[in-house]
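Novice:
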Amino acid sequence: MSLKERITGLIAAQGPIGVAQFMTIALHDPDFGYYSTRDPFGLPKEGTLGGDFITAPEISQMFGEMLGLWVAMAWIEQGRPQHPMLVELGPGRGTLMRDMLRALKAAPDFLKGLEVAMVEASPHLRGLQQDALKDAGPRVTWQSQFDPPAGRPVFVVANEFFDALPIRQYVKTARGWCERMVTAKNGELTFALAPAPAPSALIPEAYAAAPDGGVYETAPAGIALAEDIARQVAKNGGAALLIDYGYGSPDSKGAGFGETLQAVGAHRFADVLAAPGTHDLSAHVDFAALAAAGKRGGAGVHGPITQGHFLTALGIGARAQSLAAKNPGSEASLTAALERLTGPAAMGSLFKALAFLPGMAATAPGFEEMRHETA
Ligand code: SAH
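Take the sequence shown: its letters are residues 24 to 398, numbered as in our numbering.
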């Protein structure tokens with residue numbers, strides 16, 4: 024039995040499924056789901072890349088250090104509230120949290136009352152995270168959903184998490200916007216459109232100009248989660264930092280009105296439907312939708328700004344220099360990592376940072392100069 028057979032059987036029994044349900048099964052099926060069964064992250068080994076893709080914290084420790092610094096600054100600006108929670112969504116191998124906690128040693132009072140919560144769906148990745156954090160210091164717990172205890176300031180960090188949340192797609196046709204579905208023909212999975220159009224209220228104004236065949240993508244679970252995070256931050260204090268690849272408006276969406284669902288395996292694009300469970304699925308994050316959700320939740324919303332601007336404003340260049348000075352011979356690899364994280368041709372422009380703060384905060388660290396950019 025393969026996951027494709029399992030999905031084909033489901034479609035035979037209940038009819039075509041939406042793209043969101045397909046993504047959820049492909050990523051999280053307990054037996055065959057991509058995240059349930061593997062360690063996707065590639066590290067260079069003997070000149071080759073292992074794994075399927077590489078993320079910012081796996082490129083360099085500097086990424087996590089900058090995020091740890093960001094959390095410390097937000098905490099200090101709020102008057103050092105006691106007993107903070109630090110929550111990471113989708114922590115992968117645990118590298119980012121490990122690097123953040125190391126950098127946070129510079130703020131010992133933050134660490135003193137700290138509790139860490141890791142929101143992770145995959146039992147396999149939870150195991151790797153436990154190993155990475157076994158000497159962490161603060162108490163660490165694992166949860167399958169974002170559910171922080173009431174009344175404690177909550178600092179939330181998510182890197183490449185929202186891109187993995189399930190999306191729905193609607194395609195513009197002569198008869199209206201129809202949901203894109205996954206169906207099965209002769210044992211193979213294919214896309215098809217729902218026969219009846221979706222209610223037009225589902226489609227934002229900005230998409231009115233889309234041509235026939237244009238696609239509107241939305242991530243309802245991600246939007247609801249962003250609103251919940253903003254509400255907790257606004258109510259209890261704290262801050263949230265969401266970093267991902269994505270766009271601020273359809274105009275700046277690289278794909279225009281196209282679709283962005285993609286499958287990646289072994290550092291290459293793959294067919295989305297051919298072999299579910301064997302490669303990663305993700306979609307560009309709609310930062311305008313997350314920012315709007317943050318405002319509905321009552322938080323002050325900062326950004327999105329590009330990852331390049333954000334890390335540079337926090338001083339990643341100086342950090343690279345000081346690491347190079349301390350570690351003779353490491354300068355070339357640090358320069359390369361810096362370029363990958365901040366360079367416009369690498370992750371620097373495609374990746375964006377968005378912050379939620381309690382409404383009263385005037386600025387967010389790293390966002391000060393860029394507050395009006397809507398990249
Ligand atoms: N933040 C890490 C990993 C990014 S990959 C890094 O930057 O390296 C996405 C992560 O989110 C994985 O850990 C995956 O298992 C987790 N994940 C995906 N969907 C999830 C969900 N619905 N609930 C909880 N965790 C999820």
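Ideal placement from N, C-alpha and C gives every residue a C-beta, glycine not left out.
Here the structure is a predicted model, which is why all the values come from computation and not from measurement.
Regarding THR410 and the ligand SAH, is the C-beta to nearest heavy atom distance less than 7 Å?
Specialist: Outside the shown range of the chain, which is 24 to 398, sits residue 410, and nothing can be said about it.
Novice: Cα separation between GLY338 and VAL180?
Specialist: Approximately 19 Å, taken between the alpha carbons.
Novice: So the beta strand (DSSP E) THR118 belongs to, where does it begin and stop?
Specialist: First-last for THR118: 118–126, but that is the alpha helix (DSSP H), not the beta strand (DSSP E).
Novice: Does the distance from the CB of ASP267 to the CB of PHE185 come in under 8 Å?
Specialist: Contact flag set, yes.
Novice: Quick one: residues in its chain with C-beta nearer than 8 Å to the C-beta of ALA155, no 5 flanking neighbours on either side, listed in chain order?
Specialist: Hits under 8 Å: ARG116, GLY117, THR118, MET120, ARG121.
Novice: What does DSSP give as the partner residues of GLU111 in its beta bridges?
Specialist: Beta-bridge pairing links GLU111 to MET141, VAL180.
Novice: Within 10 angstroms of its Cβ, does MET24 collect 16 or more other Cβ (buried), or is it exposed?
Specialist: Exposed, by the Cβ-count rule.
Novice: Taking Cβ positions, are GLY401 and GLU250 nearer each other than 8 Å?
Specialist: Since the first and last residues shown for the chain are 24 and 398, residue 401 lies out of range.
Novice: Go ahead and pull the three-state DSSP assignment for ILE40.
Specialist: Residue state, collapsed to three classes: strand.
Novice: Quick one: what does DSSP say PHE379 is sitting in, helix, strand or coil?
Specialist: Of the three classes helix, strand and coil, the one that applies to PHE379 here is strand, per DSSP.
Novice: Taking the alpha helix (DSSP H) that GLU81 falls in, what are its first and last residues?
Specialist: Element bounds for GLU81: 79–82.
Novice: What does the alpha-carbon distance come out to for the pair ALA316 and VAL142?
Specialist: Their Cα atoms are separated by approximately 20 Å.
Novice: In chain order, what residues of the same chain have a beta carbon less than 7 Å from the beta carbon of VAL310, not counting five sequence neighbours either side?
Specialist: As written in the sequence, residue 310 is Phe, which differs from the Val given in the question. Closer than 7 Å at Cβ, skipping near neighbours: GLY269, TYR270, GLY271, PRO327, LYS375, LEU377.
Novice: From the DSSP secondary-structure annotation, give me the bridge partner or partners of VAL205.
Specialist: Beta-bridge pairing links VAL205 to ILE40, PHE214.
Novice: Have a look at VAL42, ALA129, ALA306, TRP165 and flag the residue whose alpha-carbon is nearest the alpha-carbon of GLU138.
Specialist: Of the listed residues, the one whose Cα sits closest to GLU138 is TRP165.
Novice: Kindly list the residues whose CB is nearer than 6 Å to the CB of GLY87, restricted to its own chain and excluding five residues on each side of it in sequence; keep chain order.
Specialist: So the list reads PRO80, LEU119, ASP122, MET123, once near-sequence residues are dropped.
Novice: Three Cβ pairs or more, each shorter than 8 Å: is that satisfied between the stretch 190–199 and the stretch 231–244?
Specialist: Yes: the two stretches touch, three or more of their Cβ pairs being nearer than 8 Å.
Novice: What are the uninterrupted segments assigned as alpha helix (DSSP H) that are 4 or more residues long and contained completely in the stretch 292–351, given in chain order?
Specialist: Qualifying alpha helix (DSSP H) stretches, in chain order: 310–319, 330–336, 339–349.
Novice: Name the one or two DSSP bridge partners that ILE266 has.
Specialist: The partner list for ILE266 (beta bridge, DSSP) reads ASN182, ALA376.
Novice: Which value, in whole angstroms, describes the spacing of the CA atoms of GLY41 and LEU33?
Specialist: Cα-Cα distance, rounded: 12 Å.
Novice: Please classify ASP170 as buried or exposed, where buried requires at least 16 other C-beta atoms within 10 Å of its C-beta.
Specialist: Counting Cβ neighbours within 10 Å, ASP170 comes out exposed, since fewer than 16 surround it.
Novice: Go ahead and pull the three-state DSSP assignment for LYS157.
Specialist: LYS157 falls in the coil class under three-state DSSP.
Novice: Rounding to the nearest angstrom, what Cα-Cα distance links VAL163 and ALA95 in this structure?
Specialist: VAL163 and ALA95: Cα-Cα distance of roughly 18 Å.
Novice: In chain order, what residues of the same chain lie with their CB nearer than 7 Å to the CB of VAL287, ignoring the 5 residues before and after it?
Specialist: Once the five neighbours on either side are set aside, the close Cβ partners of VAL287 are ASP75, PHE76, ALA293, HIS302, ASP303.
Novice: How about LEU109 and PHE178: are their beta carbons less than 8 Å apart?
Specialist: Against a cut-off of 8 Å, the Cβ pair of PHE178 and LEU109 comes out as a contact.
Novice: Ignore the nearest five residues each way along the sequence and tell me which others in GLY102's own chain have a CB closer than 6 Å to its CB.
Specialist: Nothing listed; no residue qualifies.
Novice: Just how far apart, CA to CA, sit GLU69 and ALA289?
Specialist: Residue placement at GLU69 is poorly supported in this model, since its pLDDT is 49, which falls under 50; the coordinates still yield a value, given next. Using only the alpha carbons, I get a separation of about 16 Å.
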